[in-house]
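Residue numbers (this note's numbering), protein chains in the order written: chain A, 7 to 119; chain B, 7 to 119.
Note that CB positions come from ideal geometry on N, CA and C, so glycine has one too.
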């Protein structure tokens, strides 16, 4: 089945700097790659997603890139703000067997003012 | 608000108690999920229901018993739990089983004494 690896597990950046979180997946048939943000006391919320027919997607300060050949995808946050501090999860799905999302282990991002 | 509600938000129970967690989605989705979130395994899929049928059970101990009476409601019945079952239990829903965004509820923080 699908296996998703996420790095780093923790990340600290200065306010205004960029943050990059990387994930790799194992099932070449996977075709849907969302990113979730989880703030303290809340459930994960989708912030951006990408499908396998697209290489990059942007939404204001966040962007996701996908390299299907290498089977990795990344989340980029520019001009970070303290409210970006949270745990971020990547996930992959849509591979063989129509499996639901398989999540990475999460990255705790701290933006230091 | 994601359209997925969970009650209670916090629960403390002894090992001999029986309790139930409730999830309700107002999105018209056909698939619902239970996840366990702990420090050791950040997002561990427990059960998947599609059109009210259980389609996945990831080797979860029998002391956890799910119930899906209709497509909008999902329960997790708890009986004779162990302290290591203390965790955040998250419910999610999606349009169908695979390849689509999952919407998460806020979770129930469970403590087993």
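Sequence-distant residues of its chain with Cβ nearer than 6 Å to residue i (five each side left out)
| i | result |
| --- | --- |
| residue 100(A) | 36, 37 and 38 |
| residue 83(B) | 26 and 71 |
| residue 20(A) | 118 |
| residue 85(B) | 24 and 69 |
| residue 182(B) | This structure gives no information on residue 182(B), because the portion of chain B shown stretches from 7 to 119. |
Boundaries (first-last residue) of the beta strand (DSSP E) holding residue i
| i | result |
| --- | --- |
| residue 115(B) | 114–118 |
| residue 63(B) | 59–63 |
| residue 10(B) | 10–13 |
| residue 19(B) | 16–19 |
| residue 116(A) | 113–118 |
| residue 89(A) | Per DSSP, residue 89(A) belongs to no beta strand (DSSP E) and is neither H nor E. |
| residue 65(A) | 62–65 |
| residue 73(B) | 70–76 |
| residue 19(A) | 16–20 |
| residue 85(B) | 79–85 |
Straight-line gap, residue i to residue j (C-alpha atoms, nearest Å)
| i | j | result |
| --- | --- | --- |
| residue 73(B) | residue 85(A) | 45 Å |
| residue 88(A) | residue 116(A) | 8 Å |
| residue 98(B) | residue 106(B) | 12 Å |
| residue 8(B) | residue 49(A) | 9 Å |
| residue 129(A) | residue 46(B) | As shown, chain A starts at 7 and ends at 119. That puts residue 129(A) outside it, with no answer to give. |
For residue i, three-class secondary structure by DSSP
| i | result |
| --- | --- |
| residue 33(A) | coil |
| residue 102(B) | coil |
| residue 106(A) | coil |
| residue 90(B) | helix |
| residue 9(A) | coil |
Nearest-angstrom Cβ-Cβ length linking residue i and residue j, presumed shorter than 8 Å
| i | j | result |
| --- | --- | --- |
| residue 12(B) | residue 114(B) | 5 Å |
| residue 105(A) | residue 8(A) | 6 Å |
| residue 59(B) | residue 53(B) | Contact doesn't hold; Cβ gap of about 11 Å is too wide. |
| residue 36(B) | residue 101(B) | 6 Å |
| residue 12(A) | residue 96(A) | 5 Å |
| residue 111(A) | residue 78(A) | That pair is no contact at about 15 Å. |
Any non-hydrogen atom of the ligand ADP closer than 8 Å to residue i Cβ
| i | result |
| --- | --- |
| residue 81(B) | For the ligand ADP, the structure offers nothing, since it holds no ligand at all. |
Residues near residue i by beta carbon distance below 7 Å, same chain, minus five either side
| i | result |
| --- | --- |
| residue 91(A) | 115, 116 and 117 |
| residue 18(A) | 116 and 118 |
| residue 25(A) | 17, 19, 83, 86 and 115 |
Neighbourhood of residue i by C-beta, 8 Å cutoff - its chain only, sequence neighbours within 5 removed
| i | result |
| --- | --- |
| residue 78(B) | 30, 31 and 32 |
| residue 19(B) | 25, 84, 87, 116, 117, 118 and 119 |
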